[in-house]
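In the working numbering, each residue's number is its place in the sequence shown (first place is 1) plus 955.
Notes to accompany the following structure.
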Amino acid sequence: MDKWDDRFMKMARLISEWSSCYRAGRSVGAVIVKDKRIMTTGYNGAPAGLKTCRERGECMRDRLHIESGTRAELCYAIHAEQNAIIQAAKLGISIDGATIYCTHQPCSVCAKMIVNVGIRRVVFEQAYPDPFALEVFEESGVKLEHYPKEKQE
956 MDKWDDRFMK MARLISEWSS CYRAGRSVGA VIVKDKRIMT TGYNGAPAGL
1006 KTCRERGECM RDRLHIESGT RAELCYAIHA EQNAIIQAAK LGISIDGATI
1056 YCTHQPCSVC AKMIVNVGIR RVVFEQAYPD PFALEVFEES GVKLEHYPKE
1106 KQE
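If you want it as structure tokens, here you go:
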């Protein structure tokens, strides 16, 4: 880890503040970087044109008693990593060979997307209960790095 990792993790934390997730502790930010340049950013929130959970005043997952780490399709929000990848596609930005900085370890769905777009390195702060994601990263050769807790501000 170096000063660039510090800078980009700080940026991911800032981006996470834009999250519209209703659940406490689930504000997630992501920054995709290539050659020390920010390509795109993403945070977890509803797709454009849909009401966010904050606007609705509830979390669908809480209402339906859905356990964290399961049934990701039952949520109005798109994950931060997905939003960052979607922005790159929408804007025609190549992220092949990039690094993604995330406030949380990506889930298995995000892990598969990260592998397929050619991101080679994932740096995250908080762990997430998805052992299959770890398996996807290991088998694909994508480097997964936990950002040291002592570096967190």
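All C-beta atoms, glycine included, are put in the ideal place defined by N, C-alpha and C.
- Between V1078 and M994, the C-beta spacing is not below 9 Å.
- When DSSP states are grouped into helix, strand and coil, Q1081 belongs to the strand group.
- In this structure, the straight-line span from the alpha carbon of H1020 to that of R978 is close to 12 Å.
- In the structure shown, V1072 falls within a helical segment according to DSSP collapsed to helix, strand and coil.
- For M964, there is no enclosing beta strand (DSSP E); the residue is part of the alpha helix (DSSP H) that begins and ends at 958-971.
- L1046 carries a helical assignment under DSSP once its states are collapsed to helix, strand and coil.
- With contacts defined by Cβ atoms closer than 9 Å, Y1102 and M964 form a contacting pair.
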